[in-house]
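Each protein sequence line maps, in turn, to chains A and B.
Mapping of the first sequence onto UniProt numbering: position 90 corresponds to residue 90, and the numbering continues sequentially without gaps.
Mapping of the second sequence onto UniProt numbering: position 334 corresponds to residue 334, and the numbering continues sequentially without gaps.
Glycine included, each C-beta is placed from N, C-alpha and C at the ideal position.
If you're wondering where the values come from, they're calculated on a predicted model, not measured in any experiment.
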Amino acid sequence: MSYLRPAFVLLLLFTVLTGLAYPLAVTGLGQAFLSAQANGSLITQQDGLIAGSDLIGQRFTSGRYLWARPSATSAADPADQSRSVDAPYNAAASSGSNLGPTSRKLADRLTASAQAWNSSAMGAPIPGDALTTSGSGLDPHISPAFAMAQAGRIAAARGLAEPRVRQLIDASTEERTFGVFGQPRVNVLRVNRALDATGP
Amino acid sequence: MTLNGWLQIAIILATVLLTAFPLGAFMARVYGGKHNLLSPVLGPVERGFYTVAGVDPTREQGWRSYALAMLLFNAAGFFLLYAILRLQGFLPLNPQGFAGIAPDLAFNTAVSFVTNTNWQSYGGETTMSHFSQMAGLTVQNFLSAATGLALAMALVRGFARSKAATVGNFWVDMTRSVLYVLLPLSLVTAVLLVALGLPQTLLSSVDATTLEGAKQTLALGPVASQVAIKQLGTNGGGFFNVNAAHPFENPTALTNFLEIWQMLVISVAVVFAFGRMVGDRRQARALLSVMGILLLAGIAITYAAEAAGTPTLQAASINADDGNMEGKEVRFGLALSALWAAVTTGLSTGAVNAMHASFTPIGGLIPMFLMQLGEILPGGVGSGLYGILVMAIIAVFVAGLMVGRTPEYLGKKIEAREVKMAMLAVLILPTAILGFSAVAAVIPQGLAGLLNAGPHGLSEILYAYSSAAGNNGSAFAGLSANSPWYNTTLGLAMLLGRFAYIVPMLAIAGSLAAKTKLENSTGTFPTHGPLFIGLMVGVILILGGLQFFPALALGPIAEQVLMLAGKTF
């Protein structure tokens with residue numbers, strides 16, 4: 001008995017303190033003072049529609065847009081809920097490929113995408129992020145090398161001068177934080193919004 | 001490997017050391033019951049908790065009472081969490097309308113969070129309501145970490161005291177851990193994380209329309225508050241399926257810096273606090289050197305292996321300078337992914353910012369081996385310290401055998417009882433890891449969960465049980481672990497790895513406390529110098545190698561050889 005009372009009372013007190021008061025306090029502070037971040041760093045278009053989050057990657061397929069990395073996320077098959085189908089950049093269910101270094105499936109996938117890359121004349125060697133899936137399946141960034149390799153295609157599709165496209169990519173390239181931390185990176189959605197804002 | 005990569009690693013680790021030192025001094029005061037920085041605010045709260053709970057903070061417990069209190073508290077926590085998960089469908093704050101969780105998954109998850117493992121057989125954003133994440137999982141993130149810290153303090157008192165019958169009061173140690181250490185640090189860093197981009201909302205998702213007109217549903221929630229404590233408490237259970245690789249859990253290089261700092265700082269500070277509490281800070285420096293040497297070696301090997309890439313990537317004419325980016329995020333690159341992988345397994349966190357399953361064979365071997373060494377580099381909050389002290393006991397025993405003298409550590413004679421209990425604790429890991437892995441590797445229920453074939457498949461199994469028994473929680477996530485077989489056996493491995501280790505460790509604490517603390521004599525083997533550091537490094541590596549090398553040879557090492565020979569499966 002002398003053990004049961006503290007065990008249950010402390011569990012209850014700490015559930016209220018750490019399970020309710022703490023997360024709700026952080027929610028309150030976040031919503032009051034940091035609402036943009038606290039709500040997911042959302043990007044609202046001029047027409048009021050939400051275009052996405054500045055932090056979450058999206059899939060682009062048109063030649064007029066900068067493409068993101070391949071993504072391994074999936075979703076339930078609409079025709080049969082018990083099966084799953086590929087659904088790149090599904091931000092409701094993050095996932096990596098989890099394929100290992102000796103996976104034949106991974107080797108086949110890389111070989112096929114390398115052939116596609118080489119036939120599109122995007123240059124060599126292929127940047128390390130261009131054919132590989134990210135850990136989250138939601139990587140918002142690509143490397144500057146991968147972005148620049150796409151500049152020619154985007155310029156042709158939009159009838160823009162290639163230097164102009166390169167300039168837009170440059171403007172959306174983030175360097176290492178304080179010159180040291182992280183990797184140089186290009187936010188795909190930012191570049192694509194800048195492209196749309198530029199015209200054709 | 002690049003100079004910049006090493007510079008990032010060096011700055012992060014140096015920051016941890018510099019900040020852990022004052023935190024250690026603070027913690028020594030907290031656990032000693034002395035007046036501290038936060039006493040004016042939290043003292044009344046602490047005393048209020050004791051009054052309501054009927055705890056007399058001045059009454060200490062012997063090791064058996066301490067163990068009983070700890071076990072009862074954890075059992076109560078398990079049943080409450082299990083109930084919350086099963087009843088999720090009827091509880092509030094469930095905007096997604098998720099149903100209750102199946103019995104095997106609820107058992108696995110409740111055990112997982114109570115034991116500080118935070119293995120996740122589920123994807124957070126597709127399974128757990130906000131109420132389950134907050135009032136269920138977040139609470140145990142705090143309490144399991146507080147339990148670890150309390151236990152470490154009991155063992156430290158065993159060394160610090162002379163002819164004592166008690167090792168402290170579990171309720172007091174646990175309450176102080178939450179109130180003075182975990183909660184204030186969580187609160188401050190959670191707000192900082194929101195400022196740096198983590199969501200913190202009670203909404204469950206937002207629909208976006210992409211520039212191409214497609215629909216994207218963005219899962220949201222009270223992310224920052226959970227991330228802060230899962231890092232600080234070396235828990236590791238992510239809000240989202242992919243944990244800290246998810247841009248909402250870890251959006252920038254700065255959040256990555258902060259989250260690595262959070263993982264390490266308390267575990268390192270506890271070692272500094274230990275030095276103060278036993279009155280010999282050189283001992284803390286020696287233990288930190290052992291941890292530092294082995295952890296740095298782990299970081300370097302992982303980094304080198306990931307930078308070297310794989311033949312498959314080279315065959316696809318991918319730039320060799322970019323290394324292996326499969327399963328990694330562009331913003332982190334190779335250095336920060338390798339650093340995180342080694343740190344999260346040298347600790348008992350198990351949060352990931354890249355998918356370990358897609359690492360090169362050697363890059364994946366290191367996290368697995370660091371878990372198998374017992375997660376003492378520097379280990380989970382509290383659990384790392386008692387783990388390394390058990391290793392120190394074994395190391396002085398080995399030294400004693402060499403010179404034929406009764407070994408001493410910190411002025412305490414280490415005799416048959418302590419060594420037996422230390423070996424009992426240490427042998428739990430290979431029993432649980434190798435035993436369950438061997439069975440899983442031959443039965444259909446075990447093999448059904450594999451994603452990868454060949455040696456990598458064995459690695460998936462071995463990694464899972466290493467992670468569970470070591471109370472880590474990271475995974476080679478190709479394994480479909482949400483099945484009755486894996487949920488049950490991984491749950492049992494977690495329970496064994498936690499409680500079958502803790503009880504003999506507390507017995508050591510009790511028996512040490514009762515002994516006379518001896519003055520050093522000229523014949524005492526010094527345990528703060530390079531000789532002892534080298535001995536401990538050797539003992540840890542030999543012990544781990546003897547236990548796990550054969551299994552590793554069949555998994556990652558075989559895969560490395562076959563990979564270089566151009567084989568795929």
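Closest Cα partner of residue i within the set the options
i: B/L458; options: B/N472, B/I443, B/N471 and B/N141; result: B/I443
i: B/L462; options: B/M291, B/A214 and B/F436; result: B/F436
i: A/A114; options: B/A425, B/V539 and B/A316; result: B/A316
i: B/G24; options: B/V343, B/F274 and B/P184; result: B/F274
i: B/V223; options: B/G236, B/F240, B/G233 and B/L3; result: B/F240
i: A/L168; options: A/L189, A/R59, A/L195 and A/F178; result: A/L195
i: B/S483; options: B/L105, B/I428, B/N116 and B/A464; result: B/L105
i: B/L365; options: B/I428, B/G384, B/I301 and B/G411; result: B/I301
i: B/V537; options: B/V396, B/N74, B/N169 and B/A164; result: B/V396
i: B/G123; options: B/E375, B/H130 and B/N243; result: B/N243
i: B/F113; options: B/K215, B/N74, B/N4 and B/T19; result: B/N74
i: B/L143; options: B/G382, B/H456, B/F532 and B/A500; result: B/G382
i: B/L3; options: B/S511, B/S186, B/A335 and B/S162; result: B/A335
heavy atom of the ligand FMN below 7 Å from residue i C-beta
i: B/L434; result: For the ligand FMN, the structure offers nothing, since it holds no ligand at all.
Proximity below 8 Å, CB of residue i to CB of residue j
i: B/L179; j: B/L313; result: no
i: B/G158; j: B/A416; result: no
i: residue 270 of chain A; j: B/A219; result: No answer is possible for residue 270 of chain A: it lies beyond the span of chain A, which begins at 1 and ends at 200.
i: B/A357; j: B/G380; result: no
i: A/T133; j: A/P70; result: yes
i: B/G350; j: B/N118; result: yes
i: B/P44; j: A/L138; result: no
i: B/G534; j: B/L373; result: no
Collapsed DSSP secondary structure at residue i in the structure displayed
i: A/F193; result: Note that residue 193 of chain A is Arg in the sequence shown, not Phe. Helix, per DSSP.
i: B/K517; result: coil
i: B/R157; result: helix
i: A/N187; result: strand
i: A/G52; result: strand
i: B/T127; result: helix
i: B/E559; result: helix
i: B/K34; result: coil
i: B/P222; result: strand
i: B/T209; result: strand
i: B/Y409; result: strand
i: A/A76; result: strand
i: B/F239; result: coil
i: B/T138; result: helix
i: A/R64; result: coil
i: A/I43; result: strand
i: B/G168; result: strand
i: B/I443; result: coil
i: B/H456; result: helix
8 Å Cβ cutoff, residue i in contact with chain B
i: A/Q46; result: no
i: A/I50; result: yes
i: A/A107; result: yes
i: A/L160; result: no
i: A/I169; result: no
i: A/D77; result: no
i: A/T132; result: yes
i: A/V180; result: yes
i: A/L66; result: no
i: A/I142; result: yes
i: A/S71; result: no
Beta carbon proximity, residue i to chain A, threshold 8 Å
i: B/K567; result: yes
i: B/S186; result: yes
i: B/M368; result: no
i: B/P44; result: no
i: B/P199; result: yes
i: B/W171; result: yes
i: B/G237; result: no
**OP:** Residues of the stretch 80-97 of chain A with a CB closer than 9 Å to any CB of chain B: list them in chain order, please.
**Re:** Of all residues in the stretch 80-97 of chain A, Y89, N90, A91, A92, A93, S94, S95, G96 and S97 have a Cβ within less than 9 Å of some Cβ in chain B.
Subject >> Residues of the stretch 307-332 of chain B with Cβ closer than 9 Å to any Cβ of chain A, in chain order >> reply: G309, T310, P311, T312, L313, A315, A316, S317, I318, N319, A320, D321, D322, G323, N324, M325, E326, G327, K328, E329, V330, R331 and F332
**OP:** Closer than 9 Å, Cβ to Cβ, to anything on chain A: give me those residues from the stretch 9-37 of chain B, in chain order.
**Re:** I11 and I12
Subject >> Cβ-based contacts, 8 Å cut-off: residues of the stretch 499-522 of chain B near chain A >> reply: none
Original post:
Any residues in the stretch 90-120 of chain B with a beta carbon nearer than 7 Å to a beta carbon of chain A? Which ones, in chain order?
Top reply: none
**OP:** Using a Cβ-Cβ cut-off of less than 8 Å, give me the residues of the stretch 27-38 of chain A that come near chain B, in sequence order.
**Re:** T27, L29, G30, Q31, L34, Q37 and A38
Original post:
When Cβ atoms are compared, which residues of the stretch 432-459 of chain B fall closer than 7 Å to chain A?
Top reply: L451, N452, G454 and H456
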